[in-house]
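Okay, so here's the structure we're looking at.
Residue numbers (full-length UniProt numbering): 1 to 601.
This is the structure:
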């Protein structure tokens, strides 16, 4: 039996009872970490753009896009995979450069909802979902190692390429496909997987994870329908392994099958303490320790030299980062942020912070130094050495052979829980944050038939918890401050203002920019009321429309086609309010909110 058939057989037969308890515990922790990061990513600019596309392209369906709405399983896989990778805060295999959970769990959830919608029996449970996730991680890990490092070194982003195999395996498992059908699913997905490292630092990098999840679901469903494909797609002279690697030593088929069912990929997962490329994390932890120990600031530092293995050069492609996304692959920015703040999280990874004069000055202090076989060589442990020279002539050195978060340098459980809470609370209320975490922990339980029918099982609770109406937190002035930035940025406040049935967005328009009106809402509501916070806009309708200046508001027919046009020479900020359930606007709560400029309208 070849490696494709062996892997497919393993995936199709794996049940949670076959998985050791410690591996199940690691899987549960990885899923909780992903859920928090994906919730945060759903409100990020990249998440918003991907969701708007998915919403238009796929329409309504049975699957949940975190914090956004419902769509088809393929659409949800695309969105949730991209949400998870939107801010580069999702987990990574420690021994290979792949982010597994974003593509794998996004595909798992989407396929599970497809199966539930179609009333397949037996009903899918949280235990099925966990087993599928473990199987998907195994497929991604093993195909990844079989093609590594040649595949990655040749410019492929393995999260989007071999991650698609993991997504297909997970979807096939939760759909209960047999071994032969799973083999064909691998054949289909092999022709659909693609992602290039040249897109690091752009919005397309997160899309790689979403694309992998989506093609994984699509491949499993097409195989289920009987679509033919090469059942031995990994092997052969023109198979995936040979084509996607370079040289005689590029593809190692034994890595696909050796130790299958004995060693587990999930135990190799590392969790990110920082929302940036994992190659920056050891250096950031070293800088964090030095700042705390010696009370360092940019004013007290003369020079920072960071030493990494020469292999890191191909990942750290933005020495002079100008945007949040570029900053994730800039060792200069990452160390500058820690030097300024003593730490670095999602608040520091914004365009405004990257471009701040204080940040640019701190970045100028950082020098990168690449050495051959430094700290183990290649990406072994993602290690780094940081040397800080102060203005007083002192030298401080920190060396971290392993990035924090991996099996050899684990992050404390309380730090991981704090990360989850901070990410999830960007979207959910504290009560909902806790409920979702409890639901993830409850996936290991065996629900009764009655609980399944009533939707009271852990999987149902999790899916309700990440849905758009799960219970959004109250907004504050910080929410409005957060939308300052790029022209066209939309930050969905939704029911965060505490008004049921109303969707609220802040829309930022550059001078002369036009945007379609009904692009700012979550179905089924539609934008109807606009309140101008600053600047001047024209709302253009089929009947002509009108111009609104700051502190002015106007209502329009629900669903009527219209455009917003910034007619001023300065940036305009507009509060876009969706149709409320009862047809009445709670204007005293919206336009009179303490965060807004006017108590009128």
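Just so it is clear, CB atoms sit at the ideal spot from N, CA and C, and this is done for glycine as well.
When the distance is taken between beta carbons, is residue 220 closer than 8 Å to residue 179? Against a cut-off of 8 Å, the Cβ pair of residue 220 and residue 179 comes out as no contact.
- Task: Measuring alpha carbon to alpha carbon, tell me which of 195, 95 and 66 ends up nearest residue 84.
- Result: For residue 84, the closest alpha carbon among the candidates 195, 95 and 66 is that of 66.
Exercise for the section: Pull up the distance between the alpha-carbon of residue 48 and that of residue 345, whole angstroms please. Expected result: Approximately 20 Å, taken between the alpha carbons.
Helix, strand or coil, according to DSSP, for residue 156 in the structure here?
If DSSP states are grouped into helix, strand and coil, residue 156 belongs with the strands.
Self-check item: From 372, 295, 107 and 152, residue whose alpha carbon lies closest to that of residue 196
Solution: The residue from 372, 295, 107 and 152 with its alpha-carbon nearest to that of residue 196 is 152.
Inset, instruction - For the stretch 440 to 471, list the alpha helix (DSSP H) runs that are entirely contained and at least 4 residues long, ordered along the chain. - result: If we require 4 residues or more, the alpha helix (DSSP H) runs fully inside the stretch 440 to 471 come out as 449 to 454 and 458 to 465.
Using the three-state DSSP reduction, which class does residue 666 fall into: helix, strand or coil? The requested residue 666 is not part of the displayed model; the chain covers only 1 to 601.
What residues in its chain sit with their C-beta under 7 Å from that of residue 323, if we drop five residues either side in the sequence? These residues qualify, in order along the chain: 351 and 354.
Are the beta-carbon atoms of residue 390 and residue 235 separated by less than 8 Å? Taking 8 Å as the Cβ cut-off, residue 390 and residue 235 do not qualify as a contacting pair.
Original post:
When the distance is taken between beta carbons, is residue 245 closer than 8 Å to residue 147?
Top reply: Yes. Within cutoff.
- When you compare each of 382, 361 and 405 to residue 310 by their alpha carbons, which one comes out closest? For the options 382, 361 and 405, the alpha carbon positioned closest to that of residue 310 is the one of 382.
The alpha helix (DSSP H) with residue 331 in it runs from where to where? Segment 331 to 341, the alpha helix (DSSP H) holding residue 331.
* Beta-carbon spacing of residue 23, residue 444 below 8 Å -> Judged by beta-carbon spacing, residue 444 lies beyond the 8 Å limit of residue 23, meaning their Cβ atoms are not closer than that value.
Quick one: give me the first and last residue of the alpha helix (DSSP H) that residue 6 is part of. Residue range 3 to 13 is occupied by the alpha helix (DSSP H) that includes residue 6.
| task | Rounded to whole angstroms, what's the CA-CA distance from residue 128 to residue 321? Just pull it up for me. | result | Each residue's alpha carbon lies about 43 Å from the other.
Fill in: Stretch pair the stretch 105 to 120 + the stretch 225 to 244: three plus CB contacts closer than 8 Å
Verdict: no, contact absent.
Do the stretch 54 to 64 and the stretch 9 to 28 touch if we need at least three Cβ pairs shorter than 8 Å?
When C-beta atoms of the stretch 54 to 64 are compared with those of the stretch 9 to 28, fewer than three pairs fall below 8 Å, so the two segments do not count as touching.
Quiz item: Between the Cα of residue 447 and the Cα atoms of 287, 126 and 87, which residue gives the shortest distance?
Solution: It is 126.
Residues near residue 370 by beta carbon distance below 8 Å, same chain, minus five either side:
If we look at residue 370 and ignore the five residues flanking it on each side, its Cβ neighbours are 307, 308, 309, 310, 312 and 313.
ask   = Would residue 68 pass as a contact of residue 42 if the rule is Cβ separation under 8 Å?
value = In this structure, residue 68 places its C-beta atom within 8 Å of the C-beta atom of residue 42.
Just list the residues that DSSP pairs residue 390 with in beta bridges. In DSSP, residue 390 forms a bridge with 301.
**CB-CB length for residue 145 against residue 255, believed under 8 Å** = The pair is a contact, with the Cβ atoms about 4 Å apart (cut-off 8 Å).
What did DSSP end up calling residue 276 once you bin it into helix, strand or coil?
Three-state DSSP puts residue 276 in coil, outside helix and strand.
Query - Residue range of the unbroken alpha helix (DSSP H) whose run includes residue 96 - result: In this chain, residue 96 is not harboured by any alpha helix (DSSP H), its DSSP state being neither H nor E.
* Could you give the C-beta distance for residue 340 and residue 298, rounded to a whole number, given that I count them as a contact under 8 Å? -> Contact flag correct, Cβ pair sits at about 6 Å.
Figure out for me which residue from 74, 420 and 226 has the closest Cα to the Cα of residue 31. Each of 74, 420 and 226 was checked against the Cα of residue 31, and the nearest Cα belongs to 420.
- Can you pull the DSSP bridge partners for residue 399? According to the DSSP secondary-structure assignment, residue 399 is paired through a beta bridge with 385.
Note to self: Buried or exposed, going by whether 16 or more other CB atoms sit within 10 Å of the CB of residue 10?
What the structure shows: With 16 or more Cβ atoms within 10 Å of its Cβ, residue 10 is classed as buried.
Inset, instruction - Any chance you could list the alpha helix (DSSP H) runs of at least 4 consecutive residues sitting entirely within the stretch 33 to 115, in chain order? - result: For the stretch 33 to 115, whole alpha helix (DSSP H) runs of length 4 or above, ordered along the chain, are 45 to 58 and 73 to 85.
Buried or exposed: which applies to residue 278, given that a residue is buried once 16 or more other Cβ atoms fall within 10 Å of its Cβ?
Residue 278 comes out buried.
#### Entry: Rounded separation between residue 544 and residue 207 - CA only
Between the alpha carbons of residue 544 and residue 207 lies a distance of about 38 Å.
* Quick one, which of 76, 365, 511 and 466 has its alpha-carbon nearest residue 213's? -> Among 76, 365, 511 and 466, the Cα nearest to that of residue 213 is on 76.
Exercise for review: Determine the direct distance from the alpha carbon of residue 227 to that of residue 90, and round the result to whole angstroms.
Suggested key: The alpha-carbon atoms of residue 90 and residue 227 are separated by roughly 33 Å.
To the nearest angstrom, how far is it from the Cα of residue 452 to the Cα of residue 105?
-> Their Cα atoms are separated by approximately 21 Å.
Could you give the DSSP three-state label for residue 416: helix, strand or coil?
-> DSSP, reduced to helix, strand and coil, places residue 416 within a helical segment of the structure shown.
Should residue 261 and residue 407 be called a contact, given that it needs their Cβ atoms to be closer than 8 Å?
Their beta carbons are not under 8 Å apart, which means residue 261 does not touch residue 407 by this criterion.
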